[in-house]
Amino acid sequence: MRIQIRDLPQGHSQLDFKESASALDLADWVGHDGPVIVAIDAEHRGDQITLRGEATVDLKGTCGRCTEPATQSLVTELLFFSDLRGKEDPRDETALELEGSILYHDGIELLIQDPIREAIILEVPSVLVCREDCKGLCSECGENLNRATCNCSDERLDPRWGALKDLQKKKS
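Right, dumping it as structure tokens:
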């Protein structure tokens with residue numbers, strides 16, 4: 166994804182991109198090669214550009230609770246600041262600290278593919294769930310509790326939690 170700065174008018178502009186997950190090197194992260202849709206409001210003032218928007222992608226995989234197939238829509242908020250990199254500008258400590266949030270451009274084009282990819286990766290949940298109220302699997306027999314109930318006893322308790330069980334009984 167590239168923004169041609171010479172074609173970007175001063176003021177506000179709406180920019181829309183649609184790329185495959187593999188083009189952004191995200192297929193392994195999102196579980197498929199579907200589209201990544203990016204909508205950005207660009208504010209161009211002089212050499213500075215502010216990009217605000219969102220990237221939307223569907224996540225596909227296995228539910229971390231019940232092991233059924235899971236699909237979840239992920240919307241990632243985007244905010245990037247860009248400025249012209251000057252050849253005579255010194256690279257002081259402050260500039261190095263801000264490097265992660267400032268995208269430098271050469272006055273011709275601004276590359277936004279990598280920062281968008283990184284923002285999406287940071288938002289991918291560590292565990293995908295098929296739905297928020299997923300009951301998961303029975304820890305005793307492995308039955309999917311979303312489909313059926315099992316006859317396993319709830320009384321089996323890890324002995325390390327026994328003191329808490331006693332505390333609960335005293336409180337009642």
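Heads up, the sequence shown is in our numbering, so the first residue is 166 and it goes up one at a time. Yeah, the Cβ is synthetic: ideal placement off N, Cα and C, and Gly gets one too.
Task: Extent of the continuous alpha helix (DSSP H) run through ILE170 - done: No alpha helix (DSSP H) contains ILE170, which DSSP labels as neither H nor E.
- [ ] Tell me whether the beta-carbon of GLY218 lies closer than 8 Å to the beta-carbon of ALA204.
- [x] yes
Task: Coarse secondary structure for ALA284, derived from DSSP in three states - done: helix
Task: Limits of the alpha helix (DSSP H) - the one that ALA188 falls within - done: It is not in any alpha helix (DSSP H) - ALA188 carries neither H nor E in the DSSP assignment.
TODO: Rank GLN169, SER185, MET166, ILE170 by C-alpha distance to the C-alpha of LEU201 and give the top, closest one.
DONE: Per the sequence shown, the amino acid found at residue 201 is Val instead of Leu. Nearest C-alpha to VAL201: SER185.
Task: Cα-Cα separation between GLU262 and ASP193, rounded to whole angstroms - done: In this predicted model, GLU262 has a pLDDT of only 46, less than 50, meaning its place in the structure is not dependable; the value taken from the coordinates is given anyway. The alpha-carbon atoms of GLU262 and ASP193 are separated by roughly 30 Å.
Task: Proximity of CYS306 and CYS317 at Cβ, strictly below 8 Å - done: yes
- [ ] Give a yes or no on contact between the stretch 272-284 and the stretch 226-238, applying the rule of three or more CB pairs nearer than 8 Å.
- [x] no
Open item on the list: Pull the bridge partners of SER238 from the DSSP assignment, please.
Closed with: ASP223
Open item on the list: If I follow the unbroken alpha helix (DSSP H) through ALA328, where does it start and stop?
Closed with: 327-336
Task: ALA387 - containing beta strand (DSSP E), residue span - done: Residue numbering for the chain in the displayed model covers 166 to 337; residue 387 lies beyond these limits and cannot be assessed.
- [ ] On the DSSP bridge assignment, give the partners of THR215 in chain order.
- [x] GLU208, PHE246
Task: Nearest-angstrom beta carbon gap, ALA220 and LEU243 [assumed within contact, 8 Å] - done: 6 Å
Open item on the list: Between which residues of its own chain and TYR269 is the CB-CB distance below 8 Å, once the five residues before and five after are set aside?
Closed with: SER247, ASP248, LEU249, ARG250
Task: Exposure of LEU224, with buried meaning 16 or more beta-carbon neighbours within 10 Å - done: buried
Task: Test item: CB-CB of LEU275 and ARG171 under 8 Å - done: no
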